[in-house]
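Following this note's numbering, the numbering of the sequence shown begins with 14 at its first residue and continues without gaps. Worksheet: the structure to be examined is printed underneath.
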Amino acid sequence: MIKNLVFALFGSVVLTINVAAKPGDEVPQWLQQAASLTNPPYDRDVPAVILRNEQAVSVDSDGKVTTVTRFAVRVLTREGRGFASASEPYLTKAGRVKELHAWLIRSNGSVRKFGNDDTLDQMSDPNDIYNEYRVKIIDGAREADAGSVFGFESSSEEHPLFGQDIWRFQNRLPSLASRYTLTLPNGWSATSITFNHTKIEPTTSGSNYTWELQNLSPVRPEPSSPSTSSLVPIIAISYFPADSGLTKNSNVFETWSQVSRWATQLHDPQVIPDATVTAKAKELTANAKTELDKIKAIGRFVQSLQYISIDIGVGRGNGYRPHAAPLVLSKAYGDCKDKANLMRSMLKAIDITAYPVAIYLGDPTYVRAEWASPLQFNHCIIAVKISDETKVPSVIQHPTFGRLLIFDATDEHTPVGDLPNVEQDSYALIIAGDAGTLERMPSLPPESSVLTREAEVTLDEYGSITAVVKERFTGQAAVAARREFKSLSSAEYRDVIEDWVSRGATAAKVSKLVPNDETNDGRFELDVEFSVDRYGQLMQNRLLVFKPAIVSRREALSLTEATRQAPIVLSPRSFTETAHFKLPAGFDVDELPDPVKLDAAFGSYQTTYEVKSGELIFKRALSQKSSVIPASDYQKVRSFYEKMRAAEQAPVVLARK
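This is the structure:
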C-alpha cells in the first residue's frame, strides 16, 4: 500500500535501466518492462512515479478470493525512497499471504531481491492489544536511491465478508498505469461506481472485467484541501453470484437498509443490559434532573473508559460486532463500537433509546451515498433519541425516529452536545434494522466553536508593553485547546504558549500562565501575562508605532499559491478579540488604520478602532462557516484571507503632544 506522499525539493530523474541480475535474483518480465518505461518530466517536488499498479482478483464459486498484486515505482529523489516498500494485509483466520517477493533495480542495473528473511509480519495497528488484521512488509527504502526502481509481487487468499471491493487508481504520486481486473465464476456479474472521475467503464469478456487508467498526474498537497479519497479516481465494485449459486458467506448489498439490517443483527444482541449495567446507569444518573443531564452523565463515564481494541473472529463479522455491554463494563475498556454499545445499553436501562451509527473518521467527504457498503466506515458513534426539551447543536431530524443527538463516545475531549469537526456534515448510517438510513451528520454553526479573547495592555513611552490576555474557548475550539494541553507536559505546554506569544511579540517574557480545563461544560480557559521591551517602535523620539493585533488568532489559513487544484475545506469557528491599550502619558493618537469589513458566502471579518478616556480599544472578529469551496472560487477565498492578514498587520501611530 502506498504511504501518504511527502513532497520533496529536488529534480526528477528519467531513466531507462539495463538490468544486470545475479543468479537467483532474476527480475520478472513484467517488472523489467515497467523499469524500461520512460516517465514524463515532473516538477522538482515530485519524489516518485508509479510505473505499474495492478491488482488481479479471482473469485471462486465458494466465495474464496485470490488476489495477485504487481506494483512498481521509480524513485525520483532521495526523499522518495520511502515509497520503495511492499505491504500485503491479511486476516489470520480468514486469509493468508501465499507469496510476497520484491526486487530493487538500482540505477546502475544491479538487482537486489528481497525474500522471506526480509519480510516483517506484524499487526496492522500496533496500538491494538490483539488484532487479527496483520500485514507483511518488505522495506527497500534504506537501499533505494534516486533512479532506483522497486517492485513487488504478492499473492493472497481470503474469504471476504462482502462481495464488494474498492480500487484507488492512485494516491498523490503520478501513475503511468493503474489496473484492476476481476475474474468471476460463470454466470456471476459485477457493477461499478466511479468517484472523482468521469465514468470508468470496464472492458469485459464473459465474467472477466478490467478497469484501467493511464498517465495520471500527481495530486499536490494543498492547505485545507479534502483528503485524496475525494480527489483521485476510485471505483467501488460489487459482484453478484448467479441466483442458483448464492454463497452463504457472501453479503451482497444494494440499499442502505440492507446494510442496516445486516449490522443490526451484529449489534442488537450485544446491547442487552444486565443487573450490573442497570445499576451503574442508575448510579450515574441518580442526581440528574433532565434528560440531557442523564445523557451527559453516562457519556462522560463511557468516554473515561480506556480505549483498547481486541478484534477476534474478524473474518466472521466480529470486526463489526461489539462485545457484550456487561463484559465491556466489567473490563472497563473497549474500542469505538464497544463504547457506543455500552452507552446505548446504559441508556436503555434508564428507558432512553439510542442507535449505533457507522461513520468514517478522518474525512467528512469520504462516504458516498450512491454505494451501499459497510466498507465505507471505520468508526462507530451513537445517536440518542431525545425529546424537544433537550437543546444542543449536535442534533439531526430523522424521518422515522425524530430528533437524534449525535455523540462520539470515543473522543474524550468532545462532550455531549458537540461533535468532532472531522465527523460534522459527513454521511453516516443509523443502524436500526429495516428503518436504518444513511443520514447527513449535523454541521454546527460558527457560534458553536468560539474563541473569545480579552486583552489589557499597558504601553509606555518607549514602546514597551505589559499585557494580560484572557482566552475563553467553547465547542471544537475548546477541544483543540484541551487536546494540546493534555498531550504535553507542563514544561512543553509553557514552551508552546511562549512560542505562540513570541511569534507576535518578539522576545516576549511570559510571567504567568494559567490554563483551566472545564471538559464537562465544554469550555477551556487560558490566562497569560507577558511583557515585551520595545514592542512599539519610537521614531525620531516623536512618533510611537505599534500593531494592536499582538498575538495571532491561533488558527491561520495560509493560501500563498497563485493557483489551486483542490476545493478549499473550512471548518466552522468564531473568533472575537477586544484589546484595551492604555496609552502612555504625553502621547495622542495620530493615525488609525481604516476599519475593515469583509463579507463572503463562507464567512465574515471586521476590525474596529476607538479612542476613549486615554485608551485605544481594538476589536476584531471572524465568523467562518463550514464550507467546501470549489477551486474555481480560489481567488475569492485567497483575497478574503489576504485582506484579513493585511488588516492585522496595520499599525497605529501615536505622536507626542
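Beta carbons are placed, not taken as given, at the ideal position from N, Cα and C, and that holds for glycine. Keep in mind it's a predicted model, so treat the numbers as computed, not measured.
Can you tell me whether Val650 is helix, strand or coil according to DSSP? helix
Whole angstroms is fine: what's the gap from Ala504's alpha carbon to Leu556's? 39 Å
If we call anything under 8 Å between Cβ atoms a contact, is Ser251 one with Gly449? No; because the gap between Cβ atoms is not below 8 Å, this pair is not in contact.
Give me the Cα-Cα distance between Thr519 and Val509, rounded to the nearest whole angstrom. When rounded, the distance between both Cα atoms is 14 Å.
Helix, strand or coil: which one does DSSP assign to Met552? strand
For Ser439, is the classification buried or exposed, using 16 other Cβ atoms within 10 angstroms of its Cβ as the cut-off for buried? Classification of Ser439: buried, given that the 10 Å Cβ count is 16 or more.
With H, G and I counted as helix, E and B as strand and the rest as coil, what does DSSP make of Phe537? strand
Span of the beta strand (DSSP E) holding Ser218? 216-218
On the three-state DSSP scale, how would you describe Ala47? helix
Which of helix, strand or coil DSSP assigns to Met136: strand
List, from N- to C-terminal side, the beta strand (DSSP E) runs of 3 residues or more that fit wholly inside the segment 117-192. 124-127, 132-136, 146-152, 162-171, 177-181
For Leu272, which of helix, strand or coil comes out of DSSP? According to the sequence shown, residue 272 is Val rather than Leu. Val272 falls in the helix class under three-state DSSP.
Quick one: Cα of Lys676 to Cα of Arg155, how far? Lying outside 14 to 670, the shown extent of the chain, residue 676 is not represented and no answer is given.
Once DSSP output is grouped into helix, strand and coil, what is the label at Arg658? helix
Rounded to a whole number of angstroms, what is the C-alpha to C-alpha distance between Gly159 and Glu235? This sequence places Ala at residue 159; Gly is not what is there. Going from the Cα of Ala159 to the Cα of Glu235 covers about 25 Å.
Proximity to Trp384 [Cα-Cα], best of Leu596, Ile478, Phe653, Ala249: Ranking Leu596, Ile478, Phe653, Ala249 by Cα distance to Trp384 puts Ala249 first.
Asp56 beta carbon near the ligand ADP (any heavy atom closer than 7 Å): Summarising the ligand content, the structure contains no ligands, and the ligand ADP is consequently not present.
Starting from Glu460, follow the beta strand (DSSP E) in both directions and report where the run begins and ends. That residue, Glu460, is in no beta strand (DSSP E); it is neither H nor E in DSSP.
Leaving out the 5 sequence neighbours to the left and right, which residues in its chain are closer than 6 Å to Ala663 when beta-carbon positions are compared? Excluding sequence neighbours, Ala663 sits near Pro606.
Does DSSP put Leu667 in a helix, a strand or coil? Here Leu667 sits in strand by DSSP.
Does the segment 163-172 come close enough to the segment 108-124 that 3 or more CB-CB pairs lie under 8 Å? yes
Taking Phe588 and Pro561 to be in contact with their CB atoms under 8 Å, please state how far apart those CB atoms are, rounded to whole angstroms. The Cβ separation is near 15 Å, so there is no contact.
Can you give me the C-alpha to C-alpha distance between Ala660 and Thr620, rounded to a whole angstrom? 8 Å
Skipping 5 residues on each side, what residues in its chain have a beta carbon closer than 7 Å to that of Gln410? Arg416
Give me the Cα-Cα distance between Glu497 and Phe537, rounded to the nearest whole angstrom. 11 Å
Mind checking which residues open and close the alpha helix (DSSP H) that includes Tyr677? Since the first residue shown for the chain is 14 and the last is 670, residue 677 is missing from the structure and cannot be characterised.
Rounded separation between Thr216 and Lys77 - CA only: 23 Å
Throw me the rounded Cβ distance for the Leu388 and Arg334 pair, which I believe falls under 8 Å. With a Cβ gap of about 16 Å, Leu388 and Arg334 do not count as contacting.
Beta carbon of Asn52 nearer than 8 Å to that of Val62: Yes, the Cβ-Cβ distance between Asn52 and Val62 is below 8 Å.
Relative to the C-alpha of Leu526, which candidate in Ser515, Ser386, Glu511 has its C-alpha closest? When each option's Cα is compared against that of Leu526, the closest is Glu511.
Pick helix, strand or coil for Arg94, following the three-state DSSP scheme. helix
Using a Cβ-Cβ cutoff of less than 6 Å, which residues in the same chain neighbour Thr223 once the five nearest sequence positions on both sides are dropped? Thr194, Pro215, Thr216
Using a 10 Å radius around the Cβ and a threshold of 16 neighbouring Cβ atoms, would you call Asn354 buried or exposed? So Asn354 counts as buried.
In the DSSP assignment, find the alpha helix (DSSP H) that holds Val509 and state where it starts and stops. 503-517
May I have a chain-ordered list of the beta strand (DSSP E) segments no shorter than 3 residues that lie completely inside the segment 576-623? 581-583, 586-595, 600-604, 609-613
Using only the alpha-carbon positions, how far apart do Gly599 and Arg669 sit? 6 Å
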